[in-house]
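J.:
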Amino acid sequence: MIVVVAALKGGVGKTTTSVYLAALAAQGRRAATLVDADAQASAAEWLDGADDDTFERVTVVEAPTERLLAKALGGIGRDDVAIVDTPPGHERLLAKALESADAVVVPTRVGGVETPRVEAVLEMVPRKVPVGLVICSARTYTRDYQDMIAGWTEADVSVWGSVPERVAIAAGPEAWLSVDGLDAYRGVWRRALRAARES
Ligand SMILES: Nc1ncnc2c1ncn2[C@@H]1O[C@H](COP(=O)(O)OP(=O)(O)OP(=O)(O)O)[C@@H](O)[C@H]1O
Ligand SMILES: [Mg+2]
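When we follow the working numbering, the leftmost residue of the sequence shown carries the number 55, and every step to the right adds one.
1) Starting from Glu116 and walking both ways along the beta strand (DSSP E), at which residues does that stretch end?
2) Just to confirm, is the Cβ distance from Arg193 to Glu219 under 7 Å?
3) Ligand 1 heavy atoms versus the CB of Lys125: any closer than 6 Å?
4) Does the distance from the CB of Tyr74 to the CB of Gly186 come in under 7 Å?
5) For Ser232, which residues of its own chain have a beta-carbon under 7 Å away from its beta-carbon, when the five flanking residues on both sides are left out?
6) So is Pro170 buried or exposed if we call it buried at 16+ other beta carbons inside 10 Å?
7) Excluding the 5 residues flanking Ala86 on each side, which residues of the same chain have their C-beta closer than 8 Å to its C-beta?
8) Give me the residue from Gly131, Ser216, Gly128 and Cys190 with the minimum Cα distance to Thr69.
9) What's the C-alpha gap between Val188 and Pro161?
10) Out of Ala98, Arg83, Ile130 and Leu148, point me to the one whose CA is closest to Ala61's CA.
11) In whole angstroms, what is the alpha-carbon distance linking Arg11 and Ala238?
12) With a threshold of 6 Å (Cβ to nearest heavy atom), would Thr162 be considered close to ligand 1?
13) Which ranges would you report for the alpha helix (DSSP H) in the stretch 70-121 if only whole runs of at least 4 residues count?
14) Would you kindly report the start and end of the unbroken beta strand (DSSP E) that includes Trp214?
15) Grab me the residues of Thr140's own chain with a C-beta within less than 8 Å of its C-beta, minus the 5 sequence neighbours each way, in chain order.
16) Pick from Arg240, Gly128 and Gly65: whose alpha carbon is nearest that of Val89?
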């Protein structure tokens, strides 16, 4: 099963989302692979430097070109699970990843310019592939957040979860995985798995 973390915009939370989902995937029964399609390799570096035991069960594959990505995804077994982190602003590589996706998680944030960028990604997702948003670094008590959720609900776009803004999550590779982060991403992970199974 291949879950693609997809956004064209930079700095929305793709890598953070990919790493947390890979950690949760590794807690399941199946072999977990994190495919890093970003030449910056921030997800790969995070896992390489991490102390968390969870990551010992995650295989990291760096695949920053279409050829390497196709090869990496072709090597994922039917019963295994892969999370794909994607680079910002690289439409062709993202399209390549989406071709193999069983579920797509689109990280986004609350804010004015976000909606059209998310819509552009949603349009790229092949028909019948389930897709859900995750609102990253969310201030769930704000009016803007509530309005955004209401907007997506009205547009019939699934929101698979919201991850609160936390210092421990912002610390990234410099800290242990945040308990709040794992809790929030667990909900996203369950919904992605269920959606992939039902599609
Ligand atoms: N829930 C959160 N709370 C606080 N900070 C967060 C949260 N999620 C992500 N961040 C921070 O937001 C920044 C961008 O996140 P991240 O690197 O995951 O985004 P990205 O989409 O992968 O960026 P890029 O496009 O550069 O690859 C990072 O500094 C990260 O630590
Ligand atoms: Mg990134």
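Just so you know, even glycine gets a beta-carbon here, dropped at the ideal spot from N, CA and C. Quick caveat: nothing in here was measured; it's all calculated off a predicted structure.
T.: In this structure, then:
1) Val112 to Glu116
2) yes
3) no
4) no
5) Arg220, Ala222 and Ile223
6) exposed
7) Ala76, Ala79, Ala80, Arg111, Val112, Thr113, Asp134, Val135, Ala136 and Ile137
8) Cys190
9) 5 Å
10) Leu148
11) With the chain represented from 55 up to 253, any question about residue 11 goes unanswered, as that position is not in the structure.
12) no
13) 96-103
14) Val213 to Pro218
15) Val58, Val59, Ala60, Ala61, Lys68, Ala91, Asp92, Leu147, Leu148 and Ala151
16) Gly128
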